[in-house]
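A short write-up of the structure that comes next.
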Amino acid sequence: MGSQRKTKLNCLTSSALIREKRSAKWRFQSG
Numbered sequence: 129m130g131s132q133r134k135t136k137l138n139c140l141t142s143s144a145l146i147r148e149k150r151s152a153k154w155r156f157q158s159g
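Heads up: the sequence shown is residues 129 to 159, going by the numbering used here.
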């Protein structure tokens, strides 16, 4: 159960990072 929660957190963190990178890239391209 603990490891499952860790995996879920890891997934959320990586998706947040990807979103951040994507928005940063878009911001860089637009201006």
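Even glycine gets a Cβ: it sits at the ideal position worked out from N, Cα and C.
Owing to the predicted nature of the structure, the values given are computational and were not obtained by experimental measurement.
Return the CA-CA distance between residue i and residue j, expressed in angstroms with no decimal places.
i: Ser142; j: Gln132; result: 15 Å
i: Ala152; j: Leu140; result: 18 Å
i: Thr135; j: Arg155; result: 30 Å
i: Arg147; j: Ser158; result: 16 Å
i: Leu145; j: Leu137; result: 12 Å
i: Gly130; j: Arg150; result: 30 Å
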